[in-house]
Structure formats: C-alpha cells, structure tokens
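Chemist: If you read the first sequence in the UniProt record's numbering, its first letter stands for residue 1, the second for the next number, and so on.
Quick reminder that beta carbons are idealized off the backbone N, C-alpha and C, glycines included.
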Amino acid sequence: MRIATYNVNGVNGRLPVLLRWLEQTAPDIVCLQELKAPQEKFPEKAILEAGYHAIWNGQKSWNGVAILSRLDNIQEVRRTLPGDEEDTHSRYIEAIIDGILVGCLYLPNGNPAPGPKFDYKLSWFERFKTHAAYLLSEEVPVVLAGDYNVMPTELDVYKPERWLDDALFRPETREAYKTLVDQGWTDALRKLYPDEVIYTFWDYFRNAYGRNAGLRIDHFLLSPQIAPRLKAAGVDRDVRGWEKSSDHAPVWVELSALVWNSS
DNA sequence: ATGACTCTTCAAAAGAGA
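1) Counting only the same chain and skipping the five closest in sequence on each side, list residues whose C-beta sits under 6 Å from that of T5.
2) If you drop the 5 nearest sequence neighbours on each side, which residues of the same chain put their C-beta closer than 8 Å to that of D195?
3) Is the beta carbon of K117 less than 9 Å from the beta carbon of A37?
4) Over what stretch of residues does the beta strand (DSSP E) that includes L68 continue unbroken?
5) Here's the rule: buried if 16 or more other CB atoms are within 10 angstroms of the residue's CB, otherwise exposed. What is residue 268?
6) Could you tell me which of K231, Y134 and P141 sits nearest to P224, measuring between CA atoms?
7) What residues in its chain sit with their C-beta under 8 Å from that of R78, if we drop five residues either side in the sequence?
8) Skipping 5 residues on each side, what residues in its chain have a beta carbon closer than 7 Å to that of G51?
9) Out of curiosity, what's the CA-to-CA distance linking L221 and P160?
10) Identify the continuous beta strand (DSSP E) that holds A133 and give its terminal residues.
11) Mapping DSSP to helix, strand and coil, what is N7?
12) Rounded to the nearest angstrom, how far is the Cβ of S90 from that of G58, given a contact under 8 Å?
13) Could you give the distance in angstroms between the alpha-carbon of Y199 and the alpha-carbon of L215?
14) Anyone know if the C-beta pair for A188 and A249 falls short of 9 Å?
15) Over what stretch of residues does the beta strand (DSSP E) that includes Q75 continue unbroken?
16) Give me the residue from N12, R211 and P27 with the minimum Cα distance to L255.
17) Are the CB atoms of D87 and W124 within a distance shorter than 9 Å?
18) Taking 9 Å as the cut-off, decide whether the C-beta atoms of V102 and I29 are in contact.
19) Given a cut-off of 9 Å, decide if L180 and L230 are closer than it, judged by their beta-carbon atoms.
20) Which one of G64, W62 and Q24 has the shortest CA to CA distance from V239?
21) What residue range does the alpha helix (DSSP H) around L255 cover?
22) Tell me, which residues are paired with T186 by DSSP?
23) Would N73 and L107 be called neighbours here (beta carbons separated by less than 9 Å)?
24) Classify N212 as buried or exposed, calling it buried when 16 or more other Cβ atoms lie within 10 Å of its own Cβ.
25) Would you kindly work out how many angstroms separate the C-alpha atoms of V143 and I97, rounded to a whole number?
26) In the DSSP assignment, what are the bridge partners of E94?
27) Excluding the 5 residues flanking Q33 on each side, which residues of the same chain have their C-beta closer than 6 Å to its C-beta?
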C-alpha cells in the first residue's frame, strides 16, 4: 500500500504533470493540496479516467484539498478542521480508506511574521494538534499527510540562518510541530532517514531546484497503530524538474499489509 | 537586502505563495 502527498499548486494548471505522475507511480491513495480551484472546477473526469475516485474540498483562487483512491472505498469523515466555525479556508479533509484514517492537510503559510497571518497559522496549528490528539485517543491506524509549511529542524533547510524569521521556521512554528509529533506520532521520512538531507520543495526563483536550495515541508505523521507497517518512504524528486511542475515534489510512504507479530 | 518565478481572478494588475 502506497500513500502519497502532493502540493500541486493548481490542480488544473498542473493537470498534465499530475496525470503523468499518477500513471508512473500509481499510488493507492493520494492527498492533494493547493487545488486553487472552486468545488465545481475540480477535474473529476480526468482523475476518474486516470483510475482514481476522489473527494475534495475546493475554494476559489486559493487552498483546496483532495483525497484520491484507486479503489472506490472512500468513506469521508469530515471536510473541515474542528474548532473554528468562522474559518473559511479549505485546508483539511479526512476519510477512512481500507481501515486507515487519512487526514489531508494544508497548513497555513503564515508570512509575513509576526502579523495576523502568522497568528492564523499558529491558531490553526493549535486546532490541528487538538484534533490530532483526539485521533490518537481513538487508537486506530492514522496517516496525517500534507503540506505542513514547517521545516522541523535545521537539517530541513538549505540555509537555516536565512530562514530564522520566516513563518515556516520561526521558533514558535518549530515548537508547534515538535509538540505535535511528541503526542506520539512518527515522522515517517525522518524515522527511516534520521540524518539525510531531504527536501520536498524548491522555489521557482534563482534556479533553486538546480542548486538544490530546498526545504522539507511536506510530511507524513503515522499513529502508533500503523507506524510499525512503515516499509519505505521517499520523495519523487524528479517530478519537480518536469515542465510546468509544481514547486513541491510528491512525497510517499509504503506500508506493509500485515505487521509481523513477534510475541 | 532585494528580487528572482508562477499561479489565480468579473481579466489588468495584484495578491499569495514559501
């Protein structure tokens, strides 16, 4: 079972890239962020023809998240993050697929910081932590995948000293991520590659991809009921080099079907 | 320290992204 997450940066503008990547790598489940499309403009037909059923939460111009599955077995649980009825951003959607609860998130960027956008980021983060703690209390297999807009440590930034005041790297943001993980989650890529430089984003400026001036901001968090099934994980780095690519690359985890019980 | 690029939209300039 392969689950992937991909910030597409415009699901219609990037559709050829998305379809090519789906065909090449054929993940079982896909979380998409930054659809940048209203609900009625989601390319459902093209996605279906590519072999995927989908649920999505669109929004005009910005945000937007979706969950795709090769099997028609998506049980939608929610399409908003609990805790603030006033929040109009489409940044969260959650479903149960094959007994796995999948949460697809697009955490706010938060720049410029400090300011109202940074406040929104931190309050969204707090709501997300509250919900994540609830999911842990359910003691079921949970995968929280998406664009967290956080570089967790200095290892995750090409030049940490340049990002100290940025909303993606400020102490408050890193602390929020750390306390989230410390609830009992496994950061899948760091678990398998504790010391490696891994990036999931390279901006469009100054040949950042060519220079490998990247960031690791797209993450997979696994609950204890599924973390032992983690077999492999990686970044489809080459996709970032394709024509008309998103500024993010897809990230994936491979989960074994069964856990070996040593007792 | 700036600005580099690319997306979106009542469709030209502007906001957002990270």
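Modeler: Working from what's here:
1) C31, A145, G146, D218 and V251
2) Correct list, in chain order: L155.
3) no
4) V65 to S69
5) Nothing about residue 268 can be read from this structure; the chain reaches only from 1 to 263.
6) For P224, the nearest C-alpha among the options comes from P141.
7) The beta carbon of R78 is closer than 8 Å to those of Y92, I93 and E94 in its chain, skipping five residues each way along the sequence.
8) R70
9) 23 Å
10) Note, A133: premise wrong, no beta strand (DSSP E); alpha helix (DSSP H) at P116 to S137.
11) Here N7 sits in strand by DSSP.
12) 6 Å
13) Cα atoms of Y199 and L215: separation of roughly 5 Å, rounded to the nearest angstrom.
14) no
15) First-last of the beta strand (DSSP E) with Q75: Q75 to R78.
16) P27
17) yes
18) Yes, these two residues count as a Cβ contact at 9 Å.
19) no
20) Q24
21) First-last for L255: V251 to L255, but that is the beta strand (DSSP E), not the alpha helix (DSSP H).
22) L222
23) Not in contact: N73 and L107 (Cβ atoms no closer than 9 Å).
24) exposed
25) 11 Å
26) Paired residue(s): R78 and G103.
27) N7, V65, Y106, G146 and D147
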